[in-house]
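*Asks:* Please see the structure below; I have some questions.
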């Protein structure tokens, strides 16, 4: 099936014909953007995902900067007016594209799981599945060459939906969205621990058992990070202290543990969010835009750990998040029918699409700290990739130092503030290289003489290209100073607002990971911004 291959009429990239035909679902605004650049083209001719995504993201970035709190995006099929669209997570989190969690194994504890294409194609990244709901844990191990299965993996239950959402938000590669809706750690490996029993319950006993299993086998499976998007009632009072102790044992063994704070907006926390050594994550509503001033704290829980430590430590987006639908489920079948009706011009399908929060036949919008926690867990995986020997107890202060305080919200609701993924990785690279540049405020004015720093031990050449000279290439040549630290300098820059990017190895463009002040580059990406005074 679907073996015919054709060339994209825009970029001439070879793609399966059915992939090119998906452009027929494109909205009028995105089609107009492509047509304006290619007057001879029409959406009936089809287009590859890369071409359509570039046009779509250009629109989204433009709208996201101009219109606060409004709809910004849907993905494949492309509809920028969808009421439940959301920006791709790496773009939204200002992630450094050089780091994707490669070489890191993450354990995810949740009710149940589904082996989704975003996790198992083109190669399987699920290393093991564990049923920790019974006293004698059931374990299945998998190689990267198989499509994994386990007892109940094909049942398509609501419990699997939650576990799929968290694992894909963390480490999905966006296979069913042609790479657009991927997590922050799409190259990480996974160990999935199921804790919901046949009685439909989770409980502290089962959560504790899953954590203890990780303690026993984290070295064997090289687990470096744990995500827990569950809150549990204490069916045995002693379990709270035991959960705290096991999490402390994991952190002492250099395993970072990230947990969700809960969704009730109350000053109350349940285990494991109360564990002192866990990184507890609260929720953020960023308005689905890139404007820092539009951020508000979401109605997530807050309070104190068992030792009196304030929780959460930080916040991350918990709304406007896109995650996969279980393939073959009743929801996916209805989604396909709805999008076909809409494609045929049936406007009555729109109301149901909105009610189900669908963004494509494969993805839907979700919200909750269950999904904020995996975002931070993905940041931790990228930090560990950037600095493999960084101790787990050092990661929490590093993350806190890469946060921006949310204006108008109390500290007890947000901790250090909203995490910036790029800055967290930049800090890890700086520590790995023995260099710790002082943090700069995004709106800080700089002098005419400008220095630019980038940490990249693998780069062969680094240039800085900017608006001060009309984006002339090759730009400023950076010199390698020590341990992967590159430095470039420019003088006599006119005062005002200037944009710039790094060019690595004369082929890869990236925004400055240390600078959270950014603006659209007009091509679906970012330019970094500096404010220069005389």
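In our numbering, the protein residues as written are 3 to 536.
Idealized CB from N, CA, C, for every residue including glycine.
From the DSSP output, which residues share a beta bridge with residue 468?
*Replies:* 502
*Asks:* Excluding five sequence neighbours on each side, which residues of the same chain lie with their C-beta closer than 7 Å to the C-beta of residue 398?
*Replies:* 281, 315
*Asks:* Is the distance from the Cβ of residue 168 to the Cβ of residue 126 below 8 Å?
*Replies:* no
*Asks:* Can you give the Cα-Cα distance for residue 489 and residue 128, rounded to whole angstroms?
*Replies:* 39 Å
*Asks:* Mapping the DSSP letters down to three states, classify residue 51 as helix, strand or coil.
*Replies:* Residue 51: helix per DSSP, three-state reduction.
*Asks:* Given this structure, state the Cα-to-Cα distance separating residue 240 from residue 214, to the nearest angstrom.
*Replies:* 15 Å
*Asks:* Is the beta carbon of residue 186 closer than 8 Å to that of residue 417?
*Replies:* For residue 417 and residue 186, no; Cβs fall outside 8 Å.
*Asks:* Could you tell me which residues DSSP puts in a beta bridge with residue 324?
*Replies:* 367
*Asks:* Please state the DSSP three-state secondary structure of residue 395.
*Replies:* Residue 395 falls in the helix class under three-state DSSP.
*Asks:* Is it right to say residue 72 is buried, meaning 16 or more other beta carbons lie within 10 angstroms of its own, or is it exposed?
*Replies:* Confidence is the limiting factor: at residue 72 the pLDDT is only 30, short of 50, which leaves the residue's position unreliable and the question unanswerable from this model.
*Asks:* From the DSSP output, in three-state form, read off residue 405 for me.
*Replies:* strand
*Asks:* Just to confirm before moving on: does the CB-CB distance between residue 131 and residue 150 stay below 8 Å?
*Replies:* yes
*Asks:* For residue 107, which residues does DSSP report across the bridge?
*Replies:* 191, 225
*Asks:* Measure the C-alpha to C-alpha separation of residue 160 and residue 491 and round it to an integer number of angstroms.
*Replies:* 55 Å
*Asks:* On the three-state DSSP scale, how would you describe residue 479?
*Replies:* strand
*Asks:* Figure out for me which residue from 90, 406, 137 has the closest Cα to the Cα of residue 171.
*Replies:* 90
*Asks:* For residue 117, which residues of its own chain have a beta-carbon under 7 Å away from its beta-carbon, when the five flanking residues on both sides are left out?
*Replies:* 128, 149, 150, 151, 155
*Asks:* Note down the Cα distance separating residue 225 from residue 110, rounded to an integer number of angstroms.
*Replies:* 10 Å
*Asks:* Excluding the 5 residues preceding and the 5 following residue 78 in the sequence, name in chain order all residues of the same chain whose CB lies nearer than 7 Å to its CB.
*Replies:* The predicted model places residue 78 with a pLDDT of 32, which falls under 50 and marks its position as unreliable, so this point remains unresolved.
*Asks:* On the criterion of 16 or more Cβ atoms from any shown chain inside 10 Å, does residue 1 qualify as buried, or is it exposed?
*Replies:* A question about residue 1 goes unanswered here, because the residues of the chain that appear run from 3 up to 536.
*Asks:* Note down, one range per segment and in chain order, each alpha helix (DSSP H) of at least 4 residues found wholly within the region 104-183.
*Replies:* 119-122, 160-173
*Asks:* So residue 318 and residue 421 are supposed to be a Cβ contact under 8 Å. How far apart are they, rounded?
*Replies:* 5 Å
*Asks:* How long is the line joining the alpha carbons of residue 529 and residue 455, rounded to whole angstroms?
*Replies:* 16 Å
*Asks:* When the Cβ atoms of the region 277-293 are set against those of the region 331-345, are three or more pairs found closer than 8 Å?
*Replies:* no
*Asks:* Give the secondary structure of residue 1 by DSSP, where H, G and I count as helix, E and B as strand, and everything else as coil.
*Replies:* Coverage of the chain is limited to positions 3 through 536, which leaves residue 1 absent and any answer about it impossible.
*Asks:* Distance check for residue 45 and residue 386, CA to CA, integer angstroms please.
*Replies:* 43 Å
*Asks:* Can you grab the Cα-Cα spacing for the pair residue 140 / residue 195, in whole Å?
*Replies:* 10 Å
*Asks:* Considering only residues of the same chain and omitting the five flanking positions on each side of residue 365, which have a CB-CB separation below 8 Å?
*Replies:* 77, 178, 179, 183, 324, 325, 326, 327
*Asks:* Examine the Cβ distances between the region 504-511 and the region 462-475 and report whether three or more of them are shorter than 8 Å.
*Replies:* yes
*Asks:* With a threshold of 8 Å, are at least 3 pairs of Cβ atoms found where one atom belongs to the region 393-408 and the other to the region 344-351?
*Replies:* no
*Asks:* Please determine if the region 242-258 and the region 285-298 are in contact, where contact requires at least 3 C-beta pairs separated by less than 8 Å.
*Replies:* They do not touch, by the three-pair rule.
*Asks:* By Cβ distance, which residues of its chain are closer than 7 Å to residue 371, with the 5 residues on each side in sequence left out?
*Replies:* 262, 263, 264, 265, 283, 284, 285, 302, 320
*Asks:* Going by other Cβ atoms of all chains shown within 10 Å of its Cβ, with 16 needed for buried, is residue 32 buried or exposed?
*Replies:* buried
*Asks:* Give the DSSP-derived three-state secondary structure of residue 412 in the structure shown.
*Replies:* In the structure shown, the three-state DSSP call for residue 412 is coil.
*Asks:* Alpha carbon to alpha carbon, how far is residue 373 from residue 287?
*Replies:* 12 Å
*Asks:* Less than 8 Å between the C-beta atoms of residue 43 and residue 11, yes or no?
*Replies:* yes
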